[in-house]
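Following: one structure in structure tokens, then a few remarks.
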Amino acid sequence: MRLALAAGLALLCSVAAAQRLAPQSSPIVTFDPDREGSRPPTARALTAAELKLARERADAVYDAVKATPVFREPGERISLMTSWAVVGQQRSVEQAFTLYWTAPNDVRRRADGSLWPALGGDHRVFRLVTNYPIGEGRLGDPATAGNFDRTGGSDANAFNAFATPRVLGQLGGGTVYADMVVFTRDGRSVLEPAPLGPLLESEVLRLRKSVADQETGFAGSARELEASMTPQAIAARRARREARWKRETRDPVALATRLDAAHRIDEWDYGRQKERMSAPATRDPKSVWWGPRLALEAAQSRLASLDAAGLRAAACGRVDAAFLAHHAVRFELLAGAPADCVPMVQVRRDLIDPKRPTSEVQLLTISFGGIFCGVPLASGPPPQGGSCEQAVPLLRDVDWAAVRRAIGW
């Protein structure tokens, strides 16, 4: 029995040792046509021609990537690139090229010789994606965001407006932002001015909801507060306190005095809370009650004063220091606005034209997933540790002309 157990343990140890690969770079791209891992849904299956082109692009991008020193010499890690493609909701083929620097314990070799990253492993990652719409928050910049971001509109006219992010530099024909690098086929900016009208309309809706939610919450609290001071509630609360306190205060007179004092505190607290849930006499924009109501009045007044041309004119956002932060943003016409009014922008609606061929690359984005590698990429050495340590030198060294050819530009 002991001999069999020892042999079994030895076998397990040998299997574990065989699974741990030496630091290296994957000999070929890890192409994933069957979407083996977690992937977005595809609107339809790729055609044979689309799948063939996706594979060719994966190979070509990998040829450019693996030539960079930081990828071919990954130190104590294993470098690899996975690629998969789906058809997005806008009809275009969206293809991802995900770069990994992974701990050797978390990599497996596939039958074709490529390397596969284990789910949940120790990975440093960033991703290049074609034709994927730039959604809410992906161009976020902690240096400019503040409380300016707004979304609104119906599905047909939905918008995502935000304060103009910093442009940190250019890279291979793309624009470097704090958390993304963006390339457009037409070479134009990915951003366009956000119009004032929709921003004000969304602000009015947001503030109306804030006021309505506050009134609903106050009404519910007021009902609970009044219920707590009915004669029955007062008598029940006094009885509970008496049962609990009579073990500590044995003198009946002292106990009655203590219970009367507690009731007076209840009455004081009742008055304080009732005043808090009522409209203060002074219309103070910093009060919890008046803040959202005065902000709503300001947005409605500004919207009503605009003519048709003004509704579509470019907007900017400023902070009104008279209000608490949540209600302090004011949207104005950019033309003639003071210097502290930040231009508002939105992602261009025509970035991905559904009338173009499905496999044509119209947009290429590099996303850093909230770790803001764009800052050291634009200037300064890469930080030690984390994905920026590999992303920054690779993006500086890669042959961008080869990458552009690989995607058909």
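Per my numbering, the very first residue in the sequence shown carries number 30; after that it's consecutive. Backbone N, C-alpha and C define an ideal beta-carbon position, used for all residues, glycine too. Since the model is a prediction, treat every value here as computed from it, not as a measurement.
Can you tell me which of the three DSSP states CYS345 falls into?
strand
Output the distance between the C-alpha atoms of THR131 and PRO103, rounded to the nearest integer angstrom.
9 angstroms
So the alpha helix (DSSP H) ALA89 belongs to, where does it begin and stop?
77 to 94
Mind pulling the beta strand (DSSP E) runs of 3 or more residues that sit fully within the segment 210 to 298?
220 to 222
Straight-line CA distance for ASN176 to MET110?
Cα to Cα, ASN176 sits roughly 37 angstroms from MET110.
Indicate whether ILE416 and PHE401 have their beta-carbon atoms separated by less than 8 angstroms.
The amino acid at residue 416 is misidentified as Ile; the sequence shows Ser. Cβ atoms of SER416 and PHE401: not closer than 8 angstroms.
Top-ranked residue by Cα proximity to PHE191, from LEU197, GLY202, LEU225:
Per the Cα distances, LEU225.
Taking the Cβ atom as the reference point for each residue, do PRO405 and VAL421 lie within a distance shorter than 8 angstroms?
yes
Fully enclosed by the segment 350 to 374, which alpha helix (DSSP H) runs are 4 residues long or longer?
none
Whole-angstrom C-beta distance between ILE381 and SER121, which should lie under 8 angstroms:
6 angstroms
Within the continuous beta strand (DSSP E) that includes GLY203, where are the two ends?
203 to 205
C-alpha gap between PRO62 and THR127, whole angstroms:
14 angstroms
Measuring only the C-alpha atoms, how far is SER334 from SER257?
47 angstroms
Return the first residue and the last residue of the alpha helix (DSSP H) that PHE100 is part of.
Counted as a single uninterrupted DSSP element, the alpha helix (DSSP H) harbouring PHE100 occupies residues 98 to 101.
Could you please give the first and the last residue of the uninterrupted beta strand (DSSP E) stretch that includes SER112?
107 to 116
My guess is that ALA223 and GLN375 are in contact by the Cβ rule of under 8 angstroms, so how many angstroms apart are they, rounded?
4 angstroms
Compute the Euclidean distance between the alpha carbons of ALA407 and LEU332, then round it to the nearest angstrom.
40 angstroms
Given that a residue counts as buried once 16 or more other Cβ atoms are within 10 Å of its Cβ, and exposed if not, what is GLN419?
Residue burial is scored here from C-beta neighbours: GLN419 has at least 16 other C-beta atoms within 10 angstroms and is therefore classed as buried.
Close-in-space but distant-in-sequence residues of the same chain around TRP318 (CB under 7 angstroms, 5 per side omitted):
ALA308, PRO309
With distance defined between alpha-carbon atoms, name the residue in ALA343, ILE294, GLY403 nearest to ARG195.
GLY403
DSSP state of GLU389, grouped into three classes?
coil
Using a Cβ-Cβ cut-off of 6 angstroms (strictly less than) and excluding sequence neighbours within five positions of ALA89, which residues of its own chain qualify?
ALA435
With DSSP run on the structure shown, which of helix, strand or coil describes ILE400?
coil
Considering only their Cβ atoms, is the gap separating VAL219 from ILE294 smaller than 8 angstroms?
no
Helix, strand or coil at GLY37 [DSSP, three-state]
At GLY37 the pLDDT is 45, less than 50, meaning the model places this residue with poor confidence and gives no usable figure here.
Whole-angstrom C-beta distance between LEU228 and PHE360, which should lie under 8 angstroms
5 angstroms
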